[in-house]
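Below is one structure, written out as structure tokens, with a few remarks after it.
Chains as they are written, first to last, in the numbering used here: chain A, -10 to 318; chain B, 10 to 232; chain C, 5 to 548.
Below, the structure is given as structure tokens:
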């Protein structure tokens, strides 16, 4: 990785795709710049005033065909950029529905706290195996941060009060910078770390290294007990609360007729502010409001637990559809 | 028609040196006022934008919270402002007809109505103060479900009606200026551009209220 | 020329500069030319304050560990941004050259509302004092973008003072825009039809539209932010039910159009300079004129491209991306037409033209890198990195400041009645061009390599490019200091300028003495030909 290499190292499949598009833009932009520079330079020399008394040249007021040409041709070129860029963007920010390795990252001033479903926890370090679809679920405890890995050519703002996700497929083992890209206060430039991409075998070894407190499901399950959620949401027979079995990842009909997807954001909102979106057939104000009582990390554990109540085997499986699509490229 | 003579010696006393004639000056003032009102629309537009976002986010909470607005005072104030616009129109008409006494009378009446509005607004704000409905650390709200959302609506309420009230206070100051000018016979020559311009401003402030009243006070009363 | 008049050697004719003396004649001036000078001096002061912050930042970035503390550096880039954007770039050309020239170019004796014009300067100064007070009290550390909830709940610095300064100075911008719109509509000289307006006027008209429509929104956004900081009621705070992204929408609804407030007047100046020093009518007058209006309109529907990674709906992002591409078209049209204007011209290389060359090249690079940022898949990598910094500075410093310097040199004889030293000016122009590219081109590479913006410390592999950038910045600073010195010198000791030293077209040169008298013209000008009629054509050509 030389200092002057234009392209930073590539850790994922998508990084190469972004670089290809970037190269296309560089070529088009470079050609345009060259045309303008060359014309300005050529005209300036060729038509320079030789003596102060040179007569004023004949006026040329314009040319409609030329104007149309240099409006339409750039427009068409831009359409290519737009279509290409949009397609790649949708691909990189639409995680596959199933078979992702979900990793939960919480930003706070000024560190990244990483939790793995299997219970490992790290600060400012992220370990991922090659060949999998890694989905990052990002949360913030305080201000807006932005999780940025240049080697992935991806970043996402981490906005407090909501979850953001993006995904990637690690390809090249190595260590890559993690930065915070959204200014977040004094230690903004120190809020970085390393992403380590490992082969699946190394990753398994690393995983075996240590999950002290139990997996996220176990931790979430404890919280589920501790906050009393379990009394209603699993075994309730009085019909006060919806059962959470096989709910996650499916559409839910609300009491005002709308339908929402039971995703991380919905579960989060329903814990913190249960009255915001009540499931059809259930009453408001039954469940206590947990706003300000559970830490962001605890919330993520609860969500993983709720997820575990909807095992993927029970879901209408389209196994590894997106992964297959990718590898066929 | 405009030569160097016109540059040096404007014939009409109210014509400023850089205009060719009064017609041009009036057109410039009118256009300037309308452009200014456009900026005012954008100014309030920012707050209306925030309102739309949060109303869409929290429709029930907003509807429920709006019951804490004093609809009676709001409605009276709406009437007061509409009536004050009417008296402002009559003031402009009097200025057109060069009726000095009527002009002063209608301006004073408009000013009084503006002050009535502001006084009632004060009563309302005071109520909110007593009820701890001022957003901030001391905010209290009866319905725990909607505490935060109610606070946001009250924030918007105070920001929007507060900005509107500041515009009313400025308008009252302008009316006083007009009354003084009228008393000093500044409008006796048939030139009354300030009356017309401030009239436009007054109507604009009135219209803003016409939007604020239903959006803040009445959204809970739809059924 | 004046030589034929009696006493020409000993007595200067009465002009706007010597018509009246004493501080009152300046501080209570309603003459648009004197107000333009008030603005010129205050804006120059702010430019050097903002520039000093920039120099300090570049010094800090010489080493990966930095020299200043994090907090100091964070305040440096924040104050650099706030002062340069709100107190230099936004008012720069409109309030100085625009103020001076808009009435003269359309044959008016003053702006429509001279006292409002003076008021706008006072408002600008008051806003500036608030902001400078914030600086002297210890600064602000939110970045010039003031993103909530950091600015509303977390920062411990003087956010309210700085926001108040921006709120107040916004009204100065609004009043300038309002004045221009009314003046251009209502005060044109007989015969000055819309199709005969100099492109300088079209550019300023488009700028004024944005100022009038956009600035009130940033004003109210700053009010909401300030109130939120006092009350902590949660309007931008997610823990209290608010939406921090709403702040970004409100902020960029103004602040993206605002970059066109900055660049459109620059384009306006370049049209004048290119035509004059090519001695040719502008190629495609109608297209250049209407593209300004198109830019003004499109500028209001592209703000969402600042939020591609904020969690904004992907479909919204797609629409904003499309419009962001679209807004590039009218800018491209302008560059093509300026280049075509030079074709078969009679081109001379005086300093203003050198700056115009610089503008056309650097603005092209700045504009084309804008396409990278409109392309969503690229933007998500380079946003919030030095790529954005480089892009923005190519457009603003390489574009707008180049045009500003070109304009100042072009109209310096008109404004001061003196000629500046051409040799020094050319030297400084070359320094600026070289220093600028050395400063900002490495930042494109840094950005794609992934160096985030607003970093007091950075990984060591980025050092080489940062050192290059700092080296360029020192050349650039010198390039800006030299004109300060020789222009100040020329103002007093420069040789007297003839009425029209460039042999330029336009009412301000042809029909007004240099320097102009208080009411601009000795006789009411009447316009009988289109703008830029350098070839002296009889026939009026239908354009567009």
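Beta carbons are placed, not taken as given, at the ideal position from N, Cα and C, and that holds for glycine.
Values in this document were obtained by computation on a predicted structure and should not be read as measured data.
To the nearest angstrom, report how far apart residue 446 of chain C and residue 439 of chain C are at their CA atoms. In the third chain, the residue the question calls residue 446 of chain C occupies position 442. In the third chain, the residue the question calls residue 439 of chain C occupies position 435. About 12 angstroms.
Presumed contact (8 angstroms Cβ cut-off) between residue 156 of chain A and residue 89 of chain A, rounded CB distance: Residue numbering aside, residue 156 of chain A sits at position 167 when the first chain is read from its first letter. Residue numbering aside, residue 89 of chain A sits at position 100 when the first chain is read from its first letter. Right, their Cβ atoms sit about 6 angstroms apart.
Let me see if you follow: with CB-CB separation under 8 angstroms, is residue 383 of chain C close to chain B or not? Locating residue 383 of chain C in the third chain gives position 379, where the first residue counts as 1. Output row for residue 383 of chain C: interface = no.
Same chain, Cβ closer than 6 angstroms to residue 261 of chain A, five either side skipped, listed in chain order: The sequence position of residue 261 of chain A within the first chain is 272, counting from 1. 279, 280.
Which residues of chain C have a Cβ atom closer than 8 angstroms to the Cβ of residue 148 of chain B, listed in chain order? The residue labelled residue 148 of chain B in the question sits at position 139 within the second chain. Ordered by position in chain C, the residues that pass the 8 angstroms Cβ test against residue 148 of chain B are 237.
Measuring alpha carbon to alpha carbon, tell me which residue in B:163, B:209, B:204, B:215 is nearest residue 63 of chain B. Within the second chain, residue 63 of chain B is the residue found at index 54, counting from 1. Ranking B:163, B:209, B:204, B:215 by Cα distance to residue 63 of chain B puts B:163 first.
Distance between residue 522 of chain C and residue 14 of chain C (C-alpha atoms, nearest Å): Within the third chain, numbered from 1, the residue matching residue 14 of chain C stands at position 10. Within the third chain, numbered from 1, the residue matching residue 522 of chain C stands at position 518. With a pLDDT of only 48 at residue 14 of chain C, under the threshold of 50, the placement of this residue in the model should not be trusted, and no figure is reported.
So, at 7 angstroms on beta carbons, what are the nonlocal neighbours of residue 159 of chain C in its own chain, with the 5 sequence-adjacent residues on each side left out? Within the third chain, residue 159 of chain C is the residue found at index 155, counting from 1. Closer than 7 angstroms at the Cβ level, and outside the excluded window around residue 159 of chain C, lie 145, 146.
For the alpha helix (DSSP H) containing residue 38 of chain B, list its first residue and its last residue. Residue numbering aside, residue 38 of chain B sits at position 29 when the second chain is read from its first letter. Taken as a continuous stretch (DSSP letters only), the alpha helix (DSSP H) holding residue 38 of chain B covers 31 to 66.
Between residue 193 of chain A and the rest of its own chain, which residues show a CB-CB distance below 6 angstroms, the 5 nearest in sequence each way excluded? Counting from one through the first chain, the residue named residue 193 of chain A turns up at place 204. None.
Taking the Cβ atom as the reference point for each residue, do residue 115 of chain A and residue 103 of chain A lie within a distance shorter than 8 angstroms? Along the first chain, one-based indexing puts residue 115 of chain A at 126. Along the first chain, one-based indexing puts residue 103 of chain A at 114. Yes.
Nearest-angstrom Cα distance between residue 111 of chain C and residue 96 of chain C? The count along the third chain starts at 1 and reaches residue 111 of chain C at position 107. The count along the third chain starts at 1 and reaches residue 96 of chain C at position 92. Cα to Cα, residue 111 of chain C sits roughly 23 angstroms from residue 96 of chain C.
Relative to the C-alpha of residue 69 of chain C, which residue among C:467, C:509, C:528 is closest? Walking along the third chain from the start, residue 69 of chain C turns up at place 65. Residue 69 of chain C has its Cα closest to that of C:467, out of C:467, C:509, C:528.
Step through the CB atoms of chain B and report whether any lies within less than 8 angstroms of the CB of residue 274 of chain A. Mapped onto the first chain, residue 274 of chain A falls at position 285. Yes, because at least one Cβ of chain B sits closer than 8 angstroms to the Cβ of residue 274 of chain A.
Can you confirm whether residue 164 of chain B, when its beta carbon is compared against all beta carbons of chain C, has any partner nearer than 8 angstroms? Start at 1 with the first residue of the second chain, and residue 164 of chain B comes out as number 155. Yes, its Cβ sits closer than 8 angstroms to a Cβ of chain C.
Taking any Cβ of chain A, which residues in the stretch 199 to 216 of chain C have a Cβ under 8 angstroms from it, in chain order? none
Distance between beta carbons of residue 115 of chain C and residue 207 of chain C, contact taken as under 8 angstroms: Here residue 207 of chain C refers to the residue found at position 203 when the third chain is read from its first residue. Here residue 115 of chain C refers to the residue found at position 111 when the third chain is read from its first residue. That pair is no contact at about 16 angstroms.
Per-residue DSSP class, three states only, for residue 153 of chain C: Within the third chain, numbered from 1, the residue matching residue 153 of chain C stands at position 149. Coil, per DSSP.
Determine whether the beta carbon atoms of residue 98 of chain A and residue 131 of chain A lie at a separation below 8 angstroms. Counting from one through the first chain, the residue named residue 98 of chain A turns up at place 109. Counting from one through the first chain, the residue named residue 131 of chain A turns up at place 142. Yes.
Cβ contact check for the stretch 167 to 181 of chain A and the stretch 200 to 209 of chain A: 3 or more pairs under 8 angstroms: no
Hey, does residue 154 of chain B have any beta-carbon neighbour from chain A nearer than 8 angstroms? On the second chain, position 145 is the one that residue 154 of chain B refers to. Yes, its Cβ sits closer than 8 angstroms to a Cβ of chain A.
Go ahead and label residue 282 of chain A buried or exposed: buried means 16 or more other beta carbons lie within 10 angstroms of its beta carbon, across all protein chains shown. Your numbering for residue 282 of chain A matches position 293 in the first chain. Residue 282 of chain A comes out exposed.
Does residue 4 of chain A come out as helix, strand or coil in the three-state DSSP assignment? One-based indexing of the first chain puts residue 4 of chain A at position 15. Note: residue 4 of chain A maps to helix in three-state DSSP.
Report the start-end ranges of each beta strand (DSSP E) in the stretch 100 to 146 of chain C that is 3 residues or longer and not cut off at the edges. none
Taking the alpha helix (DSSP H) that residue 280 of chain C belongs to, which residues open and close that run? Mapped onto the third chain, residue 280 of chain C falls at position 276. 248 to 282 is the extent of the alpha helix (DSSP H) around residue 280 of chain C.
Excluding the 5 residues preceding and the 5 following residue 256 of chain C in the sequence, name in chain order all residues of the same chain whose CB lies nearer than 8 angstroms to its CB. Reading the third chain from its first residue, position 252 is the one you call residue 256 of chain C. Excluding positions up to five away in sequence, the list reads 307, 308, 310, 311.
One question on the structure: do residue 346 of chain C and residue 282 of chain C come within less than 8 angstroms of each other, judged by their Cβ atoms? Here residue 346 of chain C refers to the residue found at position 342 when the third chain is read from its first residue. Here residue 282 of chain C refers to the residue found at position 278 when the third chain is read from its first residue. For residue 346 of chain C and residue 282 of chain C, yes; Cβs fall inside 8 angstroms.
Note down the Cα distance separating residue 186 of chain C from residue 198 of chain C, rounded to an integer number of angstroms. Working through the third chain from its first residue, we reach residue 186 of chain C at position 182. Working through the third chain from its first residue, we reach residue 198 of chain C at position 194. Near 14 angstroms, if we compare the C-alpha coordinates of residue 198 of chain C and residue 186 of chain C.
C-alpha gap between residue -10 of chain A and residue 249 of chain A, whole angstroms: Against the first chain, residue -10 of chain A aligns to sequence position 1. Against the first chain, residue 249 of chain A aligns to sequence position 260. For residue -10 of chain A, the pLDDT reaches just 40, beneath the cut-off of 50, and the residue's location in the model is therefore unreliable, although a value from the coordinates is still provided. For residue -10 of chain A and residue 249 of chain A, the distance between alpha carbons rounds to 46 angstroms.
How long is the line joining the alpha carbons of residue 243 of chain A and residue 240 of chain C, rounded to whole angstroms? One-based indexing of the first chain puts residue 243 of chain A at position 254. One-based indexing of the third chain puts residue 240 of chain C at position 236. Approximately 27 angstroms between the Cα atoms of the pair.
Apply the 10 Å Cβ neighbour rule to residue 319 of chain A and answer buried if 16 or more other Cβ atoms are within range, or exposed otherwise. There is simply no residue 319 of chain A to check, as chain A begins at -10 and stops at 318 in what is shown.
Chain C residues whose Cβ lies nearer than 7 angstroms to that of residue 40 of chain B: If you number the second chain from 1, residue 40 of chain B lands on position 31. Near residue 40 of chain B (Cβ distances below 7 angstroms), the residues of chain C are 186, 189, 190.
Report the three-state DSSP secondary structure of residue 133 of chain A (helix, strand or coil). Counting from 1 along the first chain, the entry for residue 133 of chain A is found at position 144. Residue state, collapsed to three classes: coil.
If contacts are defined as beta-carbon pairs under 8 angstroms, then residue 219 of chain C and residue 177 of chain C qualify, I think. What distance do you get, rounded to the angstrom? Taking the first residue of the third chain as 1, we reach residue 219 of chain C at position 215. Taking the first residue of the third chain as 1, we reach residue 177 of chain C at position 173. Rounded, the Cβ-Cβ distance is 5 angstroms, consistent with contact.
Exposed or buried, which one is residue 81 of chain A when buried takes at least 16 other CB atoms within 10 Å? Walking along the first chain from the start, residue 81 of chain A turns up at place 92. It is buried - the Cβ of residue 81 of chain A has at least 16 other Cβ atoms within 10 Å.
Can you list, in chain order, the residues of its chain whose CB lies under 6 angstroms from that of residue 58 of chain C, leaving out five sequence neighbours each side? Here residue 58 of chain C refers to the residue found at position 54 when the third chain is read from its first residue. Same-chain partners within the cutoff: 84.
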